[in-house]
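Let me begin by presenting the structure, written as structure tokens, before commenting on it.
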Amino acid sequence: MNRQLRVAVIGAGPAGIYASDILTKSDVDVSVDIIERNPTPFGLIRYGVAPDHPRIKEIVKALKRVLSQDDIRFFGNVDYGTDLKLDDLQQFYDAVIFATGAHKDRQIQIPGIDLRGSYGAADFVSWYNGHPDVHTEWPLEAESVAVLGAGNVALDVARMLAKTADELLFTEIPDNVYRGIKANRAQDVHLFARRGPAQVKFTPMELRELGHSPNIDVIVHPEGFDLDEGSMDSICASKSVKLVVDTLQNYIAKDATGAAHRIHIHFCQSPVEVLGEDGQVVGLRTERTELDGTGNACGTGEFTDWPVQSVYRAIGYLSDNLAGLPFDATTGVVPNDGGRVIDIDGEPLPGAYVTGWIKRGPIGLIGHTKSDAAQTIDMFLSDLDALVAPEQPEVGAVDRYLDSRGIAFTTWEGWKKLDAHEILRGESQGRERVKVVARDDMVRISNA
Ligand code: NAP
6 MNRQLRVAVI GAGPAGIYAS DILTKSDVDV SVDIIERNPT PFGLIRYGVA PDHPRIKEIV
66 KALKRVLSQD DIRFFGNVDY GTDLKLDDLQ QFYDAVIFAT GAHKDRQIQI PGIDLRGSYG
126 AADFVSWYNG HPDVHTEWPL EAESVAVLGA GNVALDVARM LAKTADELLF TEIPDNVYRG
186 IKANRAQDVH LFARRGPAQV KFTPMELREL GHSPNIDVIV HPEGFDLDEG SMDSICASKS
246 VKLVVDTLQN YIAKDATGAA HRIHIHFCQS PVEVLGEDGQ VVGLRTERTE LDGTGNACGT
306 GEFTDWPVQS VYRAIGYLSD NLAGLPFDAT TGVVPNDGGR VIDIDGEPLP GAYVTGWIKR
366 GPIGLIGHTK SDAAQTIDMF LSDLDALVAP EQPEVGAVDR YLDSRGIAFT TWEGWKKLDA
426 HEILRGESQG RERVKVVARD DMVRISNA
């Protein structure tokens with residue numbers, strides 16, 4: 006080919022940025038446009054990682070270096086499917102790599118889940134991270150709260166519900182979130198795992214960290230703390246499982262300090278109903294389960310009602326169905342072969358690729374996204390001869406198209422302005438940064 010290849014990457018989270026980096030470092034002459042529906046880059050790092058996890062947010066430094074490259078451009082505030090459809094992209098690019106992640110909550114089909122006071126973790130995470138698309142107010146009136154699920158998101162939610170606003174003040178939380186958490190009345194946060202301690206999805210470091218706050222007692226309830234033969238096998242087979250179980254046992258052995266807030270962890274309790282009165286959550290009913298020796302658990306018919314006024318389900322994320330692409334609603338991914346999008350007959354869709362959670366489902370830590378992106382880029386590079394050339398491959402064609410449609414897109418230069426603005430806001434309060442929340446404000450500051 007005697008011209009530069011043009012590739013669009015949809016999604017400026019770690020998955021999209023890693024894919025762009027690997028692609029531009031390959032042997033082909035290529036330039037990449039990253040298209041993102043938020044006005045800002047960094048996806049889950051900015052809007053998913055909890056604000057009291059600055060160590061994980063450090064990944065941004067490496068992502069910034071990638072976005073500073075001349076052969077990569079950033080187009081924020083551009084919504085795939087609305088502002089740019091697949092047909093539009095095919096006019097400008099040789100290929101499109103979708104890295105849109107997973108933003109919604111997986112549903113749980115139990116009665117009462119739609120009551121007032123019942124929330125999805127994804128929405129709460131978006132709120133405390135200052136996502137522009139969620140309400141700035143969050144009602145935190147419940148004194149006792151249930152968190153469903155035993156993964157790292159459940160730990161994040163439980164911790165954010167139990168920490169004090171002043172503990173979080175050193176972080177980048179926006180002002181509205183500080184005020185919301187200041188008014189939080191939660192004293193007891195009950196986290197329910199439907200299986201046993203060796204089956205939880207916590208990672209050891211995140212579980213240990215739960216106990217680091219002087220304002221929180223972590224209370225692991227011994228009922229249901231079953232380590233059957235299958236559990237012992239898991240402990241022997243995995244260092245991480247052993248560390249998690251050890252940490253939980255340490256919590257059991259530890260005396261409560263009388264801290265103002267408590268996180269209770271309950272095992273072998275499966276949620277069966279959210280109880281309500283006048284449309285509002287007043288409790289959670291769980292069924293005790295028993296491990297069956299294979300790692301699975303089955304119900305015992307023994308039920309417990311827990312008086313809680315709020316329920317947060319943290320039972321996994323779900324990806325959005327992307328316009329113009331096939332979608333497997335059961336697994337929540339775009340069907341693909343190593344990153345190459347395939348239709349229901351298994352035939353490849355020319356020029357369409359996926360990477361990250363939209364490719365393999367919402368599991369795994371951020372680091373896993375790198376190897377995933379490498380596989381997708383390998384697949385793309387092996388398909389070069391089969392790509393269909395776009396009608397308008399010149400750099401600048403997409404800018405003109407967006408301008409002609411009046412879409413106020415943001416750029417990498419614009420992000421640098423917003424970044425500086427947030428850092429400056431933080432400086433006056435002795436904090437690293439204070440996030441801007443409203444989409445219009447972000448766009449205005451970026452494009453000033
Ligand atoms: P996850 O790790 O898959 O955990 C989901 C939890 O929900 C599991 O305990 C699961 O139990 C439970 N669950 C599923 N369906 C349920 C139901 N119907 N009733 C009751 N419980 C149910 O998902 P996640 O917590 O959303 O995390 C997603 C990924 O992001 C993970 O890889 C996680 O490690 C990562 N992450 C990392 C951090 C960090 O700080 N490092 C923070 C947040 C997220 P079963 O196992 O029984 O299905």
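If you're matching positions, the sequence shown starts at 6 in this note's numbering and goes up one per residue. For glycine and all other residues, C-beta sits at the position ideal for the given N, C-alpha and C.
Residue nearest to R267 in terms of C-alpha spacing, selected from E278, G216, V71, Q285: G216
message: Closer than 6 Å to a non-hydrogen atom of the ligand NAP - does that hold for the CB of K153?
response: A quick correction: the sequence has Leu, not Lys, at residue 153. Yes, since a heavy atom of the ligand NAP falls inside the 6 Å radius drawn around the Cβ of L153.
query: Could you check where the beta strand (DSSP E) with E282 kicks off and where it finishes?
result: 274-282
- request: Determine the extent of the alpha helix (DSSP H) in which W132 is found, giving its start and end residues.
  value: 126-133
task: Taking all protein chains shown into account, decide if Q3 is buried (16 or more other Cβ within 10 angstroms of its Cβ) or exposed.
output: Because the chain in this structure spans residues 6 to 453, residue 3 falls outside the shown range and cannot be described.
message: Looking only at its chain, what residues have a beta carbon closer than 8 Å to the beta carbon of V162, apart from the 5 residues adjacent to it on each side?
response: A126, F129, V130, V152, Y317, A319
message: Measuring only the C-alpha atoms, how far is N189 from G351?
response: 50 Å
task: Give me the Cα-Cα distance between I363 and D260, rounded to the nearest whole angstrom.
output: 43 Å
- prompt: Near I61, which residues of its chain fall below 6 Å by C-beta distance, leaving aside the five closest residues on each side in sequence?
  reply: V54
field: From L166, C241, F230, residue whose alpha carbon lies closest to that of D222
entry: L166
message: Can you find the residues in the same chain that come closer than 7 Å, C-beta to C-beta, to V448, ignoring five residues on each side of it along the sequence?
response: P44, N82, A413, T415
message: Please tell me whether R78 and D38 are closer than 7 Å, where the distance is taken between their beta carbons.
response: yes
- request: Grab me the residues of I178's own chain with a C-beta within less than 6 Å of its C-beta, minus the 5 sequence neighbours each way, in chain order.
  value: P56
field: Delimiting residues of the alpha helix (DSSP H) encompassing I224
entry: Taken as a continuous stretch (DSSP letters only), I224 belongs to no alpha helix (DSSP H), being part of the beta strand (DSSP E) at 221-225.
message: Here's the rule: buried if 16 or more other CB atoms are within 10 angstroms of the residue's CB, otherwise exposed. What is I368?
response: exposed
- request: Pair every Cβ in the segment 279-296 with every Cβ in the segment 197-212, then say whether three or more of these pairs are closer than 8 Å.
  value: yes
message: Quick check on I77: does DSSP put it in helix, strand or coil?
response: strand
task: Taking 8 Å as the threshold, find out whether the segment 108-121 comes into contact with the segment 236-250 through three or more Cβ pairs.
output: no
- prompt: Opposite L153 in the DSSP bridges: which residues?
  reply: F197, R318
- prompt: Is there at least one non-hydrogen atom of the ligand NAP closer than 6 Å to the beta-carbon of D110?
  reply: no
task: Would you check if the distance between the CB atom of G86 and the CB atom of A334 is smaller than 7 Å?
output: no
field: Reference L392; option with closest CA among S376, D424, Y358, H58
entry: Y358
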